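Trainee: Residue numbers are given in the numbering used here: position 47 of the sequence shown equals residue 48, and the series is strictly consecutive.
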Amino acid sequence: MTNAERNQINQRIALLERASALFSRFGGSIPVAIAFLNRWPTQVELYPDWQVGESWKFFLASFLYFLASLALDRAIIFAKADLDP
2 MTNAERNQIN QRIALLERAS ALFSRFGGSI PVAIAFLNRW PTQVELYPDW
52 QVGESWKFFL ASFLYFLASL ALDRAIIFAK ADLDP
């Protein structure tokens with residue numbers, strides 16, 4: 002691998018790292034915005050109402066965005082470790 006290729010890959014990883022940081026910071030607000038736009042319940046319902054209502058979608062979406070954020074962070078760590086000589 003030439004130095005030009007290595008620099009290009011490092012720039013792409015840095016761009017992915019910045020995008021991941023923004024997703025980690027603002028990714029949790031995406032399910033809130035979707036819930037607000039779809040008129041999902043904005044108040045927290047108790048357990049018996051979860052099965053009848055739709056508040057479980059909000060909590061599931063928040064958890065999935067959190068897991069996606071962790072996966073992006075891990076992917077960046079593995080990509081950086083793969084390039085280290």
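Every residue gets a Cβ at the ideal spot worked out from N, C-alpha and C, and that includes glycine.
Here the structure is a predicted model, which means the values were calculated and not measured.
My output table needs one value for Arg26: the three-state DSSP class, helix, strand or coil.
Mentor: Reduced to three states, the DSSP call for Arg26 is helix.
Trainee: Quick check: the segment 11-26 against the segment 56-64, are at least 3 beta-carbon pairs closer than 8 Å?
Mentor: No contact exists between the segment 56-64 and the segment 11-26.
Trainee: Report the option in Asn11, Glu6, Asn4 and Thr3 whose CA atom is closest to the CA atom of Ile89.
Mentor: What is shown of the chain runs 2 to 86, which leaves residue 89 out entirely.
Trainee: In angstroms, rounded to a whole number, what distance separates the CA positions of Ser30 and Ala72?
Mentor: Their Cα atoms are separated by approximately 18 Å.
Trainee: Quick one: measure Cβ to Cβ for Ala80 and Ile14, integer angstroms, because I've assumed they're closer than 8 Å.
Mentor: Sure, about 5 Å apart at Cβ, within 8 Å.
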